[in-house]
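Counted from 1, the sequence shown has number 162 at position 108 by the numbering used here; the numbering is strictly sequential. Working notes for the structure below.
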Amino acid sequence: MTERDRQTTGHNAPVFRFAPSPNGRLHLGHALSALLNADMAEKTGGRLLLRIEDIDLTRCTPELEQAVIDDLIWLGIPFDRPVRRQSEHFPLYREALDRLKAMGLVYPAFLTRGEVKARVSAFEREGGLWPRDPDGAPLYPTEERMLSETERAERLATVERYAWRLDIDKAQRLLGGPVTWQETGDGPTGEIEADPAAWGDVVLWRSDAPASYHLAVTVDDAAQGVTHVVRGLDLFHATSIHRLLQTLLGLPAPLYHHHRLILGPDGRKLSKSLGDTALSALRTEGKTPSDIRAMVGI
């Protein structure tokens with residue numbers, strides 16, 4: 055049975071998804087998220103999908119994808135097949151970008167990270183306070199919104215690397231009012247009013263990458279019929295951008311549950327890049343799936 059068949063025959067059942075990036079080994083934080091998704095799917099009579107978010111074709115590898123699957127099988131987490139890979143759906147993301155282009159909501163952006171950093175540093179050396187997004191990164195300068203079509207075409211023809219960014223002000227004006235989401239997680243709950251402007255003009259597409267996280271995850275959740283998004287509190291504020299994109303593209307809004315994070319001894323979030331508490335290492339040490347549940351507080 056295909057994914058489409060499952061969606062058709064079980065369209066009233068809740069649909070959850072666990073969506074890791076195969077750019078490192080899963081750790082205890084991933085285990086908490088995967089186990090919560092599985093437990094909530096079972097409790098509600100729903101289904102759990104596995105999505106491999108492998109847009110980064112350099113860092114994501116088939117070997118690490120298989121390691122993800124092995125860890126989930128070891129934990130005893132059932133998930134529907136086939137597994138969805140973002141790398142197999144680039145045209146779908148391009149279609150969404152083209153729709154936003156046709157609405158006049160995106161523009162090509164040419165400043166490099168180094169150029170933005172230099173501009174921010176110079177501004178703040180003069181005593182200014184550059185606005186930053188919820189993750190602490192400086193907002194992108196906005197003057198490229200005003201380039202003429204001729205100027206944009208000339209730069210696109212001569213500049214090798216650029217990005218397509220969402221004009222956040224124009225997007226919000228088009229909506230004409232706030233967007234909200236329903237939240238049941240470990241932070242604020244109830245009806246949450248989105249604040250997409252806090253992120254500035256986010257990247258939707260890069261010339262050296264097929265899509266941004268924000269665009270791909272929004273399109274994927276709708277394409278897979280996801281009804282419940284269960285993920286870490288570190289993505290709570292990103293939901294503002296996802297709800298904005300869902301509304302602009304006419305996509306349904308899932309229910310959201312942002313759960314607590316597993317932190318290391320130094321108080322920081324666990325990281326795949328540092329190999330923190332990798333499940334494979336814990337398995338080698340003799341830990342069992344029951345031990346993992348206890349370690350993450352389930």
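Built from N, CA and C at the ideal position, the CB exists for glycine as well.
* **Cβ shell of T342 (< 6 Å), same chain only, five flanking positions each side left out** => Position 288 of the sequence shown, counted from the start, is the residue given in the question as residue 342. Excluding sequence neighbours, T342 sits near nothing in its chain.
* Ends of the beta strand (DSSP E) at E259? -> Sequence index remark: in the sequence shown, residue 259 carries index 205 (1-based). Note on residue identity: the sequence assigns Trp, not Glu, to residue 259. Its beta strand (DSSP E) spans residues V257 to R260.
* In the DSSP assignment, what residue or residues form a beta bridge with T234? -> Residue numbering aside, residue 234 sits at position 180 when the sequence shown is read from its first letter. BP columns for T234 point to E247.
* Asked: For V213, is the classification buried or exposed, using 16 other Cβ atoms within 10 angstroms of its Cβ as the cut-off for buried?
  -> Numbered from its first residue, the sequence shown carries residue 213 at position 159. Per the 10 Å Cβ criterion, exposed.
* Neighbourhood of L146 by C-beta, 7 Å cutoff - its chain only, sequence neighbours within 5 removed -> Within the sequence shown, the letter at position 92 stands for residue 146. Correct list, in chain order: V273 and A277.
* Using 8 Å as the Cβ pair cut-off and three pairs as the minimum, do the segment 304 to 313 and the segment 280 to 292 touch? -> yes
* Asked: Which one or two residues does DSSP pair with H268 in a beta bridge?
  -> As a working note, residue 268 is residue 214 in the sequence shown. Note: H268 sits in no beta bridge, so no partner.
* According to DSSP, is P192 helix, strand or coil? -> By 1-based counting over the sequence shown, the position of residue 192 is 138. Looking at P192 - three-state DSSP - the assignment turns out to be strand.
* Quick one, which of D93, A251 and R337 has its alpha-carbon nearest L102's? -> Mapped onto the sequence shown, residue 102 falls at position 48. Checked all of D93, A251 and R337; the closest Cα to L102 is D93.
* Can you list, in chain order, the stretches of the alpha helix (DSSP H) that have 4 or more residues and sit fully within the segment 105 to 174? -> 116 to 129 and 144 to 156
* **Residues that W218 bridges to, as DSSP identifies them** => Residue numbering aside, residue 218 sits at position 164 when the sequence shown is read from its first letter. Per DSSP, P162 and W259.
* Can you name the residues that DSSP bridges to K323? -> Position 269 of the sequence shown, counting from 1, holds the residue named residue 323. Bridge partners of K323: L317.
* Asked: I think T204 touches A248, with their Cβ atoms under 8 Å apart; what is that distance to the nearest whole Å?
  -> Position 150 of the sequence shown, counted from the first residue, corresponds to residue 204. Position 194 of the sequence shown, counted from the first residue, corresponds to residue 248. Going by Cβ atoms, the distance from T204 to A248 rounds to 35 Å, so no, they are not a contact pair.
* The alpha helix (DSSP H) spanning V81 covers which residue range? -> For the purposes of this step, residue 81 is taken as residue 27 along the sequence shown, with counting starting at 1. Per the sequence shown, residue 81 should be read as His rather than Val. Per DSSP, H81 belongs to no alpha helix (DSSP H) and is neither H nor E.
* State the Cα-Cα distance for the pair G158 and F177, rounded to the nearest angstrom. => For the purposes of this step, residue 158 is identified with residue 104 of the sequence shown, where counting begins at 1. For the purposes of this step, residue 177 is identified with residue 123 of the sequence shown, where counting begins at 1. C-alpha separation (whole angstroms): 30 Å.
* Cα separation between P165 and R215? -> Counting from 1 along the sequence shown, the entry for residue 165 is found at position 111. Counting from 1 along the sequence shown, the entry for residue 215 is found at position 161. Per the sequence presented here, residue 165 reads as Leu, with Pro not at that position. Approximately 9 Å, taken between the alpha carbons.
* To do: Please report how far the alpha carbon of L258 lies from the alpha carbon of L151, in whole angstroms.
  => For the purposes of this step, residue 258 is identified with residue 204 of the sequence shown, where counting begins at 1. For the purposes of this step, residue 151 is identified with residue 97 of the sequence shown, where counting begins at 1. Going by the C-alpha atoms only, they are around 7 Å apart.
* Can you tell which of I246, Y161, D125 and D255 has the C-alpha that lies nearest to the C-alpha of P74? -> As a working note, residue 74 is residue 20 in the sequence shown. Nearest of I246, Y161, D125 and D255 to P74, Cα basis: D125.
* State the Cα-Cα distance for the pair H81 and A163, rounded to the nearest angstrom. => On the sequence shown, residue 81 is found 27 positions in, with the first residue counted as 1. On the sequence shown, residue 163 is found 109 positions in, with the first residue counted as 1. Straight-line Cα distance between these residues: approximately 35 Å.
* Which whole-angstrom value describes the C-beta separation of V350 and L89, a residue pair presumed to lie in contact below a C-beta threshold of 8 Å? -> Start at 1 with the first residue of the sequence shown, and residue 350 comes out as number 296. Start at 1 with the first residue of the sequence shown, and residue 89 comes out as number 35. 7 Å between Cβ atoms; contact.
* Asked: alpha helix (DSSP H) containing R297: first to last residue?
  -> By one-based count along the sequence shown, residue 297 stands at place 243. Per DSSP, R297 belongs to the alpha helix (DSSP H) from T293 to L302.
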